[in-house]
Amino acid sequence: MHYSIWKRSIVAVAMAALVLGLGCNKTQQDPFPVSGAITGWQKTDATRVFAAKDLWQYIDGDAEHFIQAGVVSTSTSDYTYNGNLEAVIDVHTMSGPDGARKILETGLTRDAKTIQLGDEGLQYAQSVSFRKGRYVVRVVAYEATPDARQALMALAHGVEARL
Amino acid sequence: MKNRREFLKGTGAVLLGSQSAFALAGSLSSASADQDASSAKSKVVIARDLALHGQGSEPNEQRVINLLDHAMTTYTGRDPKDAWKHVIAMGLAQDKVIGLKVNGLGSKGIATHTALIMAVAERLQLAGVKAGNILVWDQNAHFLEACGMTVNTDPGKIRCYSSEVAGFEEQESSWGVARIRITKILTRECATIINLPILKDHSMAGVTFALKNMYGVVDRPFTLHADNCNPAVADLNAIPVFREKIRLTIGDAMSSVYDGGPGFHPERLWYPNALIVGEDRVAVDQTAWGILERKRAEVGMPTLEAAGRPPRYIATAADASHRLGTNDPKRINLVEV
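Chains as they are written, first to last, in the numbering used here: chain H, 722 to 884; chain E, 208 to 544.
Put into structure tokens, the structure is as follows:
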């Protein structure tokens, strides 16, 4: 009887530690700036999170590419800048930095501009991508506007600071 | 009430086992109407409006309607209203639900344009279709949202919902390597489907357009990706309900991504400013593949073959065991306007 209670207590403590650990992890890893945290940017929907096995529901056709590189989960959320420019942030949590590097390199094209952001960053007219540790992040605007490049950079820095 | 197969049997139509249901019920295409089956070519119309986008990234709505009318008139040889009445009649869809299968997987940046969806819906209504008998659908609500659509199940308006709402058939369907469950939107709710894909490069299939758009119809599309989606794309489309109900493709090539697809990569976005219309989805895809390759060559990119993802499923779809259409350019009557 005593043994059973002791055993249950051990299990309960272990479970609590696991839950708390995961909870802390999640809090630390929420990379999405809240509305107004970055000037002009509003977060317009709830963050959606896809485990690797469910990634096809978000990016079917691209999911295998991420899975092969060791994606653990992908989080995404939509934003607007000053009420008109729409953008999306994708944060891919990889199993390690190598996977993040592989994903970033795959997206590299000749017109990419290298930027100082995270461990390595790339900028295009309508998007910013970077990796930091095991994270690889892509911030994409749906339109090309005169202020898109600068606004996206500010948002990307906001994400980078939270990783 | 006769089902479709019984109806066709009653009309004396002969199942040739080839091409789409139009081979059974006749063709919308003006050119093939007076040709015999052995010499008939599959007609594909590419209609372009180089001023479609103006200065913005969204096409001008009125110009999209005009482009659609131009494409349909060219394809059918009829005035727009009559053309759409013919679409309804050929789909055996009088007073029945007509589905518009869109594609929003690539997010707002590269999804079937709202302007095209609404133009088709408007023209169907002008031809006598009740708003509630038009059902815009895709795999999930987010994809529909990417196409600028809001979920609506009110039968008094144009309806719009996904397979998440309708559910999938309990029983698996299979053909070749394809073993999937099909959305009830296709199997039960719609009498006929107008296919509204958007032209994109695809990281595995090479090209995604008319045939590949059917991946959004099944419960586990990720099971169909092996070997560059070949023969899975062809096998899926060979399942009888796809053959019978996917009637007409009005392909959205107003904007496209020539690399990095199927997701949205603005640095690889371009504006072909075109609609590609046809009943033979293999011929439509063969034509679209050519457009994509020309763009890749123009920007100095390797061919899809060299990139390791040639869309071989197109030839497979045309082979003797699938007979979904033709990929032979000599048998495609390509009309560009």
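Cβ atoms here follow ideal geometry from the backbone N, Cα and C, with glycine treated the same way.
Within the stretch 399 to 418 of chain E, the residues whose Cβ lies closer than 8 Å to some Cβ of chain H are H409, S410, M411, A412, T415, listed in chain order. Of all residues in the stretch 847 to 863 of chain H, the ones placed with a Cβ closer than 8 Å to any Cβ belonging to chain E are Q847, S848, V861, A862, Y863, in chain order. For A882 of chain H, the enclosing alpha helix (DSSP H) begins and ends at 869 to 883. In the three-state reduction of the DSSP assignment, L825 of chain H falls in the helix class, which pools H, G and I. The beta-carbon of L312 of chain E is placed less than 8 Å from the nearest beta-carbon of chain H.
Secondary structure at T523 of chain E: helix, using DSSP grouped into helix, strand and coil.
Of the candidates E:H260, E:T399, E:D256, E:E329, E:T399 places its Cα closest to the Cα of V294 of chain E. A Cβ-Cβ distance of about 6 Å is found for the pair A524 of chain E and L418 of chain E, placing them in contact under the 8 Å criterion.
Counting the other Cβ atoms within 10 Å of the Cβ of L829 of chain H gives fewer than 16, which makes it exposed. Judged by their CB atoms, L331 of chain E and W291 of chain E are nearer to each other than the 8 Å cut-off. Residues of the stretch 457 to 470 of chain E with a C-beta atom less than 9 Å from some C-beta of chain H are D466, G467, G468, P469, G470, listed in chain order. Here G458 of chain E really is in contact with L482 of chain E; their C-beta atoms are around 7 Å apart, less than 8 Å. The stretch 301 to 315 of chain E and the stretch 251 to 265 of chain E do not touch, with fewer than 3 CB-CB distances between them shorter than 8 Å. Taking C-alpha positions only, V792 of chain H is separated from G470 of chain E by approximately 17 Å. If you check each beta-carbon in the stretch 750 to 783 of chain H against every beta-carbon of chain E, the ones closer than 9 Å belong to R769, L776, W777, Q778, Y779, I780, D781, G782, D783. In the structure shown, G413 of chain E adopts extended strand secondary structure according to DSSP, grouped into three states. Here the stretch 424 to 436 of chain E lies against the stretch 774 to 781 of chain H, with 3 or more beta-carbon pairs under 8 Å apart. S756 of chain H and K502 of chain E have their C-alpha atoms some 39 Å from each other. Beta-bridge annotation (DSSP): F787 of chain H is not paired with any residue. Per DSSP, F771 of chain H lies in no alpha helix (DSSP H); the unbroken beta strand (DSSP E) holding it starts and ends at 769 to 772. If you check each beta-carbon in the stretch 793 to 804 of chain H against every beta-carbon of chain E, none falls closer than 8 Å. A contact between stretches requires three or more CB pairs, one per stretch, nearer than 8 Å, and the stretch 277 to 292 of chain E fails this requirement with the stretch 306 to 321 of chain E. With a cutoff of 8 Å on beta-carbon distance, T768 of chain H and L806 of chain H are scored as not near each other.
Cβ-Cβ distances below 6 Å link P517 of chain E to G413, L511 in the same chain, with the five nearest sequence neighbours on each side left out; the list follows chain order.
Judged by beta-carbon spacing, V358 of chain E lies beyond the 8 Å limit of L393 of chain E, meaning their Cβ atoms are not closer than that value. The distance from the Cβ of V384 of chain E to that of A439 of chain E is about 5 Å, consistent with a contact at the 8 Å cut-off. The beta-carbon of E474 of chain E is placed less than 8 Å from the nearest beta-carbon of chain H. The shortest C-alpha to C-alpha distance from C436 of chain E to any of H:D868, H:Y802, H:D781 is the one to H:D781.
Under DSSP, Q844 of chain H shares a beta bridge with H:K834, H:V849. When DSSP states are grouped into helix, strand and coil, C436 of chain E belongs to the helix group.
Taking the CA atoms as reference points, H529 of chain E sits about 10 Å from R450 of chain E. For H813 of chain H, no alpha helix (DSSP H) encloses it; the enclosing beta strand (DSSP E) starts and ends at 806 to 815. Residue state for Q763 of chain H is assigned as strand, using DSSP reduced to three classes. With respect to chain H, the C-beta atom of P517 of chain E has no partner C-beta closer than 8 Å. Across the stretch 277 to 289 of chain E, no CB contact with chain H closer than 7 Å is found for any residue. Under the criterion of beta carbons closer than 8 Å, T814 of chain H and Y863 of chain H do not qualify as touching, at roughly 24 Å.
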